[in-house]
Amino acid sequence: MRLDLAVVDGRRAVPSLPWAVGHEAIGDIVRVGANVERGRIGERVAVEPNFPCLSCTACAAGRTAVCPRRRSLGINEPGALRERVAVPARFAWAAPEGLADEDLVCVEPLAVALAATARAGLAAGERCLVVGAGAQGLLVCLAAHGIGARPFAVDPHEGRLATAVGLGAAVAPDGETFPVVFETSGSPAALEAAVERCAPDGRIVLIGQSATPARLSTFTVVQRRLTLLGCLIYDHPADFAAALQRAADLRPGRILRGRFPLAAAPDAFAQARDLPGKTWITFEHLEDAPR
3 MRLDLAVVDG RRAVPSLPWA VGHEAIGDIV RVGANVERGR IGERVAVEPN
53 FPCLSCTACA AGRTAVCPRR RSLGINEPGA LRERVAVPAR FAWAAPEGLA
103 DEDLVCVEPL AVALAATARA GLAAGERCLV VGAGAQGLLV CLAAHGIGAR
153 PFAVDPHEGR LATAVGLGAA VAPDGETFPV VFETSGSPAA LEAAVERCAP
203 DGRIVLIGQS ATPARLSTFT VVQRRLTLLG CLIYDHPADF AAALQRAADL
253 RPGRILRGRF PLAAAPDAFA QARDLPGKTW ITFEHLEDAP R
């Protein structure tokens, strides 16, 4: 819901108003286009909400995250917080049998976390610090723990920090430095803290985003020989497929803390900032949907 909150708060501009938010979604296929097999009707799917053009130079190289024509649900495409939404067939992924809705709805942010740990080159047994234990930070803790790394977390919110510990992270000791630091909040102050907590020859992995400039000492970066890595979502299709495959094992739905029906959507947005985990809004299954 982080992107949705950015839109609601006016921090992310949208093409027009009124606007439908909703970046991450799961659902059932009730209708297909002329070029899609009708056998897909009835499939339970996770929606990959970022649609690269698949024809530019970046896409041809497999770097779809930096596609200049990429479209994103809820950002520059109307979002998924609707009873029915149309998405390209290749971005509607059939759910593995037996995967719980709670885990399925978290596959997309899990893909972000897994892509970030891979881009960082995080290895089994390696210590890492996760700055910010919001929903994305929690999934980074989960992904790191899942590959055998040793995640530590820092967050001023006690509930978020306790949730991170429940996912396999440890509370970071004051002043300790780490060879890998993931900054997930996007706060300029958090970036400054990430630099201070990164050990010499370490990697700082930036997942959170902010348009507000941060103070960054090049002296510190150079003297410690730090590497800064920007991690923007994930690459289609391999990263999303990998997250879908890992979801049953990692159980990312454990970060869900608030579930609201559509009628209570305003409450969901109001409480999302304070709940120590991820919030989701659910619809009842539509009956007698057109086939």
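Just so it is clear: in the sequence shown, position 31 is 33 by our numbering, and no numbers are missing.
Each residue gets a CB set at the ideal place from its N, CA and C atoms; glycine is no exception.
It should be emphasised that the depicted structure is a prediction, and the values quoted were computed from it without experimental measurement.
Residue(s) in a DSSP beta bridge with residue i
i	result
C58	C58 is not bridged to any residue.
S74	N52
C130	P153 and V182
A94	V49
F262	I283
A172	F154
T229	R205
E104	DSSP output for E104 lists no bridge partner at all.
C200	F180
E79	L75
Which of helix, strand or coil DSSP assigns to residue i
i	result
D6	helix
R205	strand
A291	Note that A291 scores 41 on pLDDT, short of 50, meaning its location in the model is unreliable and no value can be drawn from it.
D241	helix
D11	coil
D30	strand
C143	helix
E194	helix
E99	coil
E110	helix
E160	helix
I257	helix
Q247	helix
R275	coil
G41	helix
G136	coil
A36	coil
L124	coil
L116	helix
P268	helix
T214	coil
Given residue i as reference, the closest of the options once Cα atoms are compared
i	options	result
F154	A97, A125, F184 and V87	F184
L140	A67, G255, A250 and A63	G255
L193	L264, Y236, P215 and P51	P215
S74	P90, A62, A60 and T59	P90
H159	E39, A15, P278 and W282	P278
G64	A245, D237, V173 and A250	D237
F180	A191, G188 and G127	G127
V207	R261, T186 and A94	T186
G170	I149, E178, V182 and P190	I149
P80	Q138, L106 and S18	S18
V38	R14, A94, R4 and V16	A94
R162	G177, E178, P175 and Q138	Q138
W282	F262, A117 and L228	F262
G123	A82, E45 and G204	G204
G100	V9, Q247, V182 and T119	Q247
F285	A172, G41, L116 and D103	D103
A245	P70, C108, V197 and R40	C108
E198	V223, P54, Q211 and S189	V223
S189	G210, T119, P70 and V182	G210
L230	A250, A196, A249 and A243	A196
L264	L56, C69 and A82	A82
D176	V182, V156 and A191	V156
Assumed close pair residue i, residue j - CB separation to whole angstroms, cut-off 8 Å
i	j	result
K280	R253	No, K280 and R253 are not in contact; Cβ-Cβ is about 13 Å, not under 8 Å.
R121	C200	So it is not a contact: roughly 16 Å between Cβ atoms.
G76	D6	6 Å
D241	A60	Rounded, the Cβ-Cβ distance is 14 Å, inconsistent with contact.
A67	I235	5 Å
I331	E45	For residue 331 there is no data in the structure shown, the boundaries of the chain being 3 and 293.
> Okay, do the stretch 160-178 and the stretch 207-219 touch, 3+ Cβ pairs below 8 Å being the bar?
Replying inline: no
> Taking contact to mean at least 3 C-beta pairs separated by less than 8 Å, is the stretch 85-101 in contact with the stretch 114-133?
Replying inline: no
> Is it true that the stretch 136-156 meets the stretch 103-116, where meeting means three or more beta-carbon pairs spaced less than 8 Å apart?
Replying inline: yes
> Okay, do the stretch 11-24 and the stretch 33-50 touch, 3+ Cβ pairs below 8 Å being the bar?
Replying inline: no
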